[in-house]
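Enquirer: Heads up, the sequence shown is in the numbering used here, so the first residue is 668 and it goes up one at a time.
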Amino acid sequence: MSFFNWQGIPEDLLCVLDEPSGLMQDDENTSSDEDTDCPSGPDVNDEFESDIIILKDYSFITSGKDSTSMVFTMHRLVQLTALLWLKTYGQEEEWKNCFIKNLHREFPTGAYENWERCRALFPHVRSVLAHRPKSQDSLYNWAALLYKGAWYATESGSISVAEEMAAMSRKQRIKIYGAEDKEALDSTALLAEVYELEADGKRQSSSIIANLAPTLWEQGRWEEAEQLELQAMEMSKIKLGADYPDTLIIIAILALALKSMGSLTFTLWNQGRWEEAKKLQVQVMAISKVKLGADHPDRLKSMGSLALTLWDQGRRKEVEQLELQVMEMSKVKLGADHPDTLTSMGNMASTLWNQGRWKEAEQLELQVMEISKTKLGADHSSTLLSMANLAFTWEATGQHSKAIDLLRACVAKEQRVLGPTHPDTVSDAETLLKWETAHLNLDA
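1) Could you tell me how far apart the beta carbons of residue 1070 and residue 1062 are, in whole angstroms, since I believe they sit closer than 8 angstroms?
2) Distance check for residue 742 and residue 752, CA to CA, integer angstroms please.
3) Quick check on this structure: which residue in 834, 679 and 768 has the alpha carbon closest to the alpha carbon of residue 732?
4) Mind checking residue 999: buried by the 16 CB within 10 Å criterion, or exposed?
5) Using 8 angstroms as the threshold, is the C-beta distance between residue 1084 and residue 1051 below it?
6) Looking only at C-alpha atoms, which of 1068, 989, 1045 and 790 sits nearest to residue 740?
7) What residue from 812, 782 and 781 has the CA that sits closest to residue 795's CA?
8) Closest to residue 1019 by CA distance: which of 804, 1104, 986 and 759 is it?
9) Hey, could you find the ends of the beta strand (DSSP E) residue 730 is sitting in?
10) By Cβ distance, which residues of its chain are closer than 7 angstroms to residue 686, with the 5 residues on each side in sequence left out?
11) Quick check on the burial criterion: 16 or more other C-beta atoms within 10 angstroms. Buried or exposed for residue 767?
12) Excluding the 5 residues preceding and the 5 following residue 990 in the sequence, name in chain order all residues of the same chain whose CB lies nearer than 6 angstroms to its CB.
13) Mapping the DSSP letters down to three states, classify residue 740 as helix, strand or coil.
14) Look up residue 698 in the DSSP assignment and say whether it is helix, strand or coil.
15) Per DSSP, what kind of secondary structure is residue 677 in: helix, strand or coil?
16) Considering only their Cβ atoms, is the gap separating residue 1078 from residue 1105 smaller than 8 angstroms?
17) Can residue 836 and residue 807 be called in contact, C-beta distance under 8 angstroms?
18) Less than 8 angstroms between C-beta atoms, sequence neighbours within five positions excluded: which residues of the same chain meet that for residue 673?
19) Hey, would you say residue 861 sits closer than 8 angstroms to residue 822, going by beta carbons?
20) Is residue 672 helix, strand or coil when you go by DSSP?
21) Distance, Cα to Cα, residue 844 vs residue 1103?
22) For residue 859, is the classification buried or exposed, using 16 other Cβ atoms within 10 angstroms of its Cβ as the cut-off for buried?
23) Helix or strand or just coil, what does DSSP make of residue 1088?
24) Would DSSP call residue 798 helix, strand or coil?
25) Can you name, in chain order, every residue of its own chain whose Cβ lies under 7 angstroms from the Cβ of residue 1060, other than the five neighbours on each side?
26) Which one of 1039, 1047 and 1022 has the shortest CA to CA distance from residue 1005?
27) Determine whether the beta carbon atoms of residue 670 and residue 798 lie at a separation below 8 angstroms.
28) Use the C-beta contact count for residue 754: other C-beta atoms within 10 angstroms, 16 or more gives buried, fewer gives exposed.
29) Excluding five sequence neighbours on each side, which residues of the same chain lie with their C-beta closer than 7 angstroms to the C-beta of residue 1075?
30) Quick one: measure Cβ to Cβ for residue 677 and residue 738, integer angstroms, because I've assumed they're closer than 8 angstroms.
31) Within a Cβ cutoff of 6 angstroms, which residues of the same chain sit near residue 728, ignoring the five residues on either side of it in sequence?
32) Beta-carbon separation of residue 816 and residue 1042 under 8 angstroms?
33) Does the distance from the C-beta atom of residue 764 to that of residue 717 stay below 8 angstroms?
34) Buried or exposed for residue 1092, going by 16 or more other Cβ atoms inside 10 Å?
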């Protein structure tokens, strides 16, 4: 108990787990019995209930029930005392290995269908960060558990936690397997994705992973990027045809294919080849609906991508309908404060704004800004973007003083966070100067 988060400790993770709970493990990552076995035997299991009673009688723990099982709460000071006792008597590593092994077996991947289970166990996975084991076998499980935790944290929008977990998993896996091994590459790719999501302009995923296509795209070398992305997409399609026995593996590879297809779509879109981009996006949506489900997060992203293409083709009504679907489904499936939901709300507000429906746009933009401040932080680049968008809406609706005050606050943050030469800082500063000048002329 002393290794878990102090609240919501599941009873089933305190007992010895002799068999995995249905989760697939790679052979190379399946721990041997040496070093990582939990203390076991008839006495351990037989005395479990009496031990729990004693701990409760001394008020060291309290018990309750969640939706599925019995859970315990252990006061933090009691945990620290127990950890010190284990360390003093040379039993810390033995029980730490048990904790990691059980949690690794029970914590699933971060795939959408596992979110409910992940959500319940994630506080305990976060505790793993402070409990790096010493034995080699337990380090396998530790790195794998951190990878799964980072996966879930990324998907659920906890980007800073995801970065810490992915970085530690990558470092340990490289040390164990080498940088070119699949396990290490998985952690590297995940860390690169986290860095992209941070969008702070300070890191580029190309420095973390040899991902040439996006680099070529940034350089405007779209034809070369297209060829690389086509190659990646076709390889993924070939893999999808393989007869894998585990559905989770099929879904994971499908996600890789869809991501490659989505990347190619973006390249076509930037070249103005909108009809080709649209066809590819429709294909991605159809495959996603069949394989992942109509409301899967990856499919929602492809729907948003299609809306962007339709907008550039001038098909405004279809765009509004599609973006409304994405926004409402994201709220239900991901939550109102998920970064993807905030993006969909921002896109919807932009569509309304361009139609002159400023009051509706204002309501959405105000929600996005307030949620972004709470969820992402007041200085996050997405929060700054939401501030600028709302300021433009206020200016368009004649709320000049409010618009100037908000954009002034936004520019001050951009200069500090993004830097004075960042394109967003420069553009918003120029707009602010124009508004202030116009406002002074009106007052005069």
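All residues carry an ideal CB built from backbone N, CA and C; glycine is no exception.
Expert: Reading from the atomic positions:
1) One-based indexing of the sequence shown puts residue 1070 at position 403. One-based indexing of the sequence shown puts residue 1062 at position 395. Right, the Cβ-Cβ distance comes to about 4 angstroms (below 8 angstroms), so this counts as a contact.
2) Taking the first residue of the sequence shown as 1, we reach residue 752 at position 85. Taking the first residue of the sequence shown as 1, we reach residue 742 at position 75. Distance between the alpha carbons of residue 752 and residue 742 is about 16 angstroms.
3) Taking the sequence shown and counting its residues from 1, one reaches residue 732 at position 65. With distances taken between Cα atoms, residue 732 lies closest to 679.
4) In the sequence shown, residue 999 corresponds to position 332, counting from 1. Counting Cβ neighbours within 10 Å, residue 999 comes out exposed, since fewer than 16 surround it.
5) The residue you call residue 1084 lines up with position 417 of the sequence shown. The residue you call residue 1051 lines up with position 384 of the sequence shown. Between residue 1084 and residue 1051, the CB-CB gap stays under 8 angstroms.
6) Mapped onto the sequence shown, residue 740 falls at position 73. Measuring from the Cα of residue 740, the nearest candidate turns out to be 790.
7) Start at 1 with the first residue of the sequence shown, and residue 795 comes out as number 128. Nearest C-alpha to residue 795 among 812, 782 and 781: 812.
8) Within the sequence shown, the letter at position 352 stands for residue 1019. Comparing Cα positions, the closest option is 986.
9) On the sequence shown, residue 730 is found 63 positions in, with the first residue counted as 1. Secondary structure note for residue 730: its beta strand (DSSP E) is the uninterrupted segment 728-732.
10) The sequence position of residue 686 within the sequence shown is 19, counting from 1. Its pLDDT being 40, under 50, residue 686 is placed unreliably in this model, and the value from its coordinates should be taken loosely. There are no such residues.
11) Taking the sequence shown and counting its residues from 1, one reaches residue 767 at position 100. With 16 or more Cβ atoms within 10 Å of its Cβ, residue 767 is classed as buried.
12) As a working mapping, residue 990 is identified with position 323 in the sequence shown. If we look at residue 990 and ignore the five residues flanking it on each side, its Cβ neighbours are 974, 1014, 1015 and 1018.
13) Sequence index remark: in the sequence shown, residue 740 carries index 73 (1-based). If DSSP states are grouped into helix, strand and coil, residue 740 belongs with the strands.
14) To locate residue 698, count along the sequence shown from 1; it is residue 31. Low confidence applies here, because residue 698 scores a pLDDT of 40, under 50, leaving its location unreliable and the question unanswered by this model.
15) Here residue 677 is taken as the residue at index 10 of the sequence shown, counted from 1. Of the three classes helix, strand and coil, the one that applies to residue 677 here is strand, per DSSP.
16) On the sequence shown, position 438 is the one that residue 1105 refers to. On the sequence shown, position 411 is the one that residue 1078 refers to. Going by C-beta atoms, residue 1105 is not nearer than 8 angstroms to residue 1078.
17) As a first step, residue 836 is located in the sequence shown; it is residue number 169 there, counting from the start. As a first step, residue 807 is located in the sequence shown; it is residue number 140 there, counting from the start. The criterion of a C-beta distance shorter than 8 angstroms is not satisfied by residue 836 and residue 807.
18) In the sequence shown, counting from the first residue as 1, residue 673 sits at position 6. Apart from the 5 residues on each side of it in sequence, residue 673 sits with its Cβ closer than 8 angstroms to the Cβ of 740, 741, 742, 743 and 746 in its chain, given in chain order.
19) Residue 861 sits at position 194 when you count from the first residue of the sequence shown. Residue 822 sits at position 155 when you count from the first residue of the sequence shown. With respect to the 8 angstroms criterion, residue 861 and residue 822 are not classified as neighbours on the basis of their beta carbons.
20) Translated into the one-based positions of the sequence shown, residue 672 becomes position 5. When secondary structure is reduced to three states using DSSP, residue 672 falls in the coil class, being assigned neither helix nor strand.
21) Start at 1 with the first residue of the sequence shown, and residue 844 comes out as number 177. Start at 1 with the first residue of the sequence shown, and residue 1103 comes out as number 436. Residue 844 and residue 1103: Cα-Cα distance of roughly 59 angstroms.
22) The residue you call residue 859 lines up with position 192 of the sequence shown. Residue 859 should be labelled buried.
23) Translated into positions along the sequence shown, residue 1088 becomes position 421. The answer is coil: DSSP assigns residue 1088 none of H, G, I, E or B.
24) In the sequence shown, residue 798 corresponds to position 131, counting from 1. Assignment of residue 798 by DSSP, reduced to helix, strand and coil, places it in the coil class.
25) Within the sequence shown, the letter at position 393 stands for residue 1060. Around residue 1060: 1020, 1025, 1028, 1029 and 1032.
26) As a position in the sequence shown, residue 1005 is number 338, starting the count at 1. Ranking 1039, 1047 and 1022 by Cα distance to residue 1005 puts 1039 first.
27) The residue you call residue 670 lines up with position 3 of the sequence shown. The residue you call residue 798 lines up with position 131 of the sequence shown. Yes, the Cβ-Cβ distance between residue 670 and residue 798 is below 8 angstroms.
28) Against the sequence shown, residue 754 aligns to sequence position 87. Around the Cβ of residue 754, a 10 Å sphere holds fewer than 16 other Cβ atoms; the residue is exposed.
29) Locating residue 1075 in the sequence shown gives position 408, counting from the first residue. For residue 1075, same chain residues with a beta-carbon under 7 angstroms away, outside a window of 5 residues either side, are 1099 in chain order.
30) In the sequence shown, residue 677 corresponds to position 10, counting from 1. In the sequence shown, residue 738 corresponds to position 71, counting from 1. The pair is a contact, with the Cβ atoms about 6 angstroms apart (cut-off 8 angstroms).
31) Your numbering for residue 728 matches position 61 in the sequence shown. Same-chain partners within the cutoff: 722, 739 and 741.
32) Your numbering for residue 816 matches position 149 in the sequence shown. Your numbering for residue 1042 matches position 375 in the sequence shown. Not a contact, by the Cβ cut-off of 8 angstroms.
33) In the sequence shown, counting from the first residue as 1, residue 764 sits at position 97. In the sequence shown, counting from the first residue as 1, residue 717 sits at position 50. No, they are not a contact pair.
34) Your numbering for residue 1092 matches position 425 in the sequence shown. That one is buried.
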